[in-house]
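These protein sequences, in sequence, are chains A and B. Residues in the first sequence are numbered from 1 upward in steps of one, following our numbering. Residues in the second sequence are numbered from 1 upward in steps of one, following our numbering. A quick write-up on the structure given underneath.
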Amino acid sequence: MFEARLVQGALLKKVLESIKDLLNEATWECAATGISLQAMDSSHVSLVALNLRSDGFDKYRCDRNVSLGMNLTNMAKIMKCASNDDVITIKAQDDADTVTFVFETPNQEKISDYEMKLMNLDTEHLGIPDTDYSCIVKMPSVEFQRICRDLSQIGDSVVISCTKEGVKFSAAGDLGTGNVKLAQNANVDKEEEAVVIEMQEPVSLTFACRYLNSFTKATPLAPQVQLSMSSDVPLVVEYKLEDMGYVRYYLAPKIED
Amino acid sequence: NESQTRLDSFFKVT
């Protein structure tokens, strides 16, 4: 028996919104420690890795590990039926071929349940080695979203260049060029407005705007985003979920031909 | 000109 209850059901809605652009289907791996998911987009350029720890749920029971393969478009349809203040419970029997979502209003006066068919997915799991990144940038997630949106109007790619002084995002296209520079500023009133750079050596990497824009669908999940970069390895874009886990995206760089 | 790399060329399938 698997059962996970989340009073803050809106969080689950937001998690789904943050991945459904990139993934049509994925397997939610449920274990005693929590729920995790790892999947590449169909072009194998980006990967989503998320983790929701069991202690972040209000009630969590997982008698044995279960893999819940889901069509995320269909899951999103069902999640749309939950109100933002609903309590959401996910339930599945061991070896079941369906999953049940229960939505309760805070006053318990309306209880809805939706049963969805599960899928048997052949998922490739990638081993991601621990890496010491040359540059780690922490910045407001809204700022990152804004920059990705703005620069995708200029070109298809964004060059992210990071030095001790700051981080620069650049794009070039038929109409011209655009650059956005952010200076390091740890001395702000609110922690979430800080731009903090930890640099071992400077890096400059090129990434496709399309994927970066998809990653920013996770913006409502966290006030800050963390970008981890090293030369010629995939970028990691991480949104930390308070007391719960994380949503991470990996993106393969573009390289000079 | 730039070409897009794929994640499989960086990470191994386990």
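Where is the CB? At the ideal position from N, CA and C, for every residue including glycine. Note that the structure is predicted; figures quoted are calculated from it, not measured.
**Message:** With H, G and I counted as helix, E and B as strand and the rest as coil, what does DSSP make of Y133(A)?
**Reply:** coil
**Prompt:** Exposed or buried, A32(A), counting other C-beta atoms within 10 Å across all chains shown (16 or more means buried)?
**Reply:** exposed
**Burial state of T131(A) (16 or more Cβ within 10 Å)** = exposed
**Request:** Spatial neighbours of L182(A) within its chain, please: CB distance less than 6 angstroms, with the 5 preceding and 5 following residues excluded, ordered by chain position.
**Result:** G166, V167 and V195
**Request:** Give the DSSP bridge partners of D113(A), in chain order.
**Result:** V102(A)
**Asked** Touching or not, the stretch 126-140 of chain A and the stretch 108-116 of chain A, by the rule of three or more beta carbon pairs under 8 angstroms?
**Response** no
**Asked** What is the residue span of the beta strand (DSSP E) that Q145(A) lies within?
**Response** That residue, Q145(A), is in no beta strand (DSSP E); its alpha helix (DSSP H) goes S141 to L151.
**Request:** Verify the CB distance criterion: does G252(A) have a CB-CB separation below 7 angstroms to chain B?
**Result:** Per the sequence shown, the amino acid found at residue 252(A) is Ala instead of Gly. At least one chain B Cβ lies under 7 angstroms of A252(A).
**Request:** For N1(B), name the three-state secondary structure that DSSP assigns.
**Result:** coil
**Asked** Contact check, M139(A) vs V203(A) under 8 angstroms by CB: the rounded distance?
**Response** Going by Cβ atoms, the distance from M139(A) to V203(A) rounds to 15 angstroms, so no, they are not a contact pair.
**Request:** Classify I248(A) as buried or exposed, calling it buried when 16 or more other Cβ atoms lie within 10 Å of its own Cβ.
**Result:** Reading off the sequence, residue 248(A) comes out as Arg, not Ile. Classification of R248(A): buried, given that the 10 Å Cβ count is 16 or more.
**Message:** How far does the beta strand (DSSP E) with F2(A) in it extend, from its first residue to its last?
**Reply:** F2 to L6
**For I111(A) and A171(A), the rounded distance between their alpha carbons** = 49 angstroms
**Request:** Could you tell me whether the Cβ of V203(A) comes closer than 7 angstroms to any Cβ of chain B?
**Result:** no
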